[in-house]
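Residue numbers (mature numbering (1 follows the signal peptide of the UniProt record, and there is no 0)): -35 to -1, 1 to 322. Everything below concerns the one structure shown next.
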């Protein structure tokens, strides 16, 4: 593909930004005083390494209600011969895609198709292998919270205001920029403030340090139950589409080629977790609350995609959003480049129906 001078400038900037941020990963992605050492990987034999030990899969320590937590706590990964190693939280401004490029983690368990596209444009070969959650009117991807006595009435009122983001991305500042641009309002007038510690933004809005949060689960629900904030709007109010919340679970192309059976096992376990959460939400909240050290009654949750395969229409939704935002130009990368439906999960074991008595 030949890139025009204007596109080349944007492309070079994207690559530079992505790899400059890599220098932050090792200092930020730790679970103790020292950086985690890479876990040994075995062969791609199904279920375990060649020595019969579980295959150790490194993931970021989970800070939100997730299918990863449920798949791990209920033994779905163990059933596939996979042992999850949580390597710690990421540093401010660092994404899982950068951590993957550094070998800090093996699999991306958060993020969206547009993030994968940005990573691929920056030279990181990564592919989505499974869906995660989708947007839903009752269980929205993003909650926009304001102080209880805030004068703000709609998202139109965000012009000139301070809005928290956990990092700069399509689903954080991107959704708001998309909304304001389509309304003919100035997205550049909004000041986005990075607050990536769990619960930090929700506390900051009550203190008047920011005007609006972009809250993910479970902390939006926690803040609402505490009663000091109110719901201004949700991501569903912007798009009215499940695809706008569609999240990605992804491996590097190198890992997929080297360990296809591990990837298949991961896909199997995550599918079981997604279906289980939707069918047993209260129980799943108990498990997630124990992991996150939060009261299950306070947790907000997502609606998880029960499709076995990745819906191409959801990928196209993200491309439309990203290209409207100007993250790349149409034709720089195609939707088909960011995902594969090679790994179809196995049917749910009948025993899963007996987990909750």
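The beta carbon of each residue, even a glycine, is placed where N, CA and C say it ideally should be.
- The shortest CA-to-CA distance from residue 281 to any of 273, 112, 82 is the one to 82.
- CA-CA distance, residue 158 to residue 173, rounds to 13 angstroms.
- The segment 163 to 204 is shown to contain whole beta strand (DSSP E) runs of 3 or more residues at 194 to 199, in chain order.
- Inter-residue distance for residue 232 and residue 145 is about 37 angstroms (C-alpha atoms, whole angstroms).
- Under the DSSP assignment, residue 290 falls in the alpha helix (DSSP H) whose first and last residues are 277 to 290.
- Residue 256 sits away from residue 200, with the two beta carbons spaced by 9 angstroms or more.
- Checking the DSSP bridge columns, you'll see residue 48 partnered with 21.
- Separation of the CB atoms of residue 215 and residue 41 is rounded to 18 angstroms, and the pair is thereby denied contact status at 8 angstroms.
- A Cβ-Cβ contact shorter than 9 angstroms links residue 167 with residue 188.
- Every beta strand (DSSP E) of 3 residues or more that sits fully in the segment 79 to 139 is shown, in chain order, as 91 to 96, 108 to 112, 127 to 130.
- The three-state secondary structure of residue 252, taken from DSSP, is helix.
- Remark: fewer than three beta-carbon pairs, one from each stretch, lie closer than 8 angstroms, so the segment 47 to 59 and the segment 173 to 187 are not flagged as touching.
- The beta carbon of residue 105 is closer than 7 angstroms to those of 199, 200, 201 in its chain, skipping five residues each way along the sequence.
- Here the C-alpha atom of residue 133 lies approximately 16 angstroms from the C-alpha atom of residue 163.
- Sequence-distant Cβ neighbours of residue 152 in its own chain, meaning closer than 6 angstroms and more than five residues away, are 142, 145, 146.
- A direct Cα-Cα distance of roughly 8 angstroms separates residue 227 from residue 20.
- Excluding five sequence positions before and after residue 236, the CB atoms of its chain that fall closer than 6 angstroms to its own CB belong to 310, given in chain order.
- For residue 213, the uninterrupted beta strand (DSSP E) run begins and ends at 213 to 217, by DSSP.
- For residue 158, the secondary structure class from DSSP, reduced to helix, strand or coil, is strand.
- Under DSSP, residue 269 takes part in a beta bridge, and its partners are 98.
- Judged by DSSP secondary structure, residue 65 falls within the alpha helix (DSSP H) whose first and last residues are 61 to 66.
- Residue environment: residue 23 is assigned as buried (16 or more neighbouring CB atoms within 10 Å of its CB, all protein chains considered).
- Among the bridge pairs identified by DSSP, residue 73 is matched with 215.
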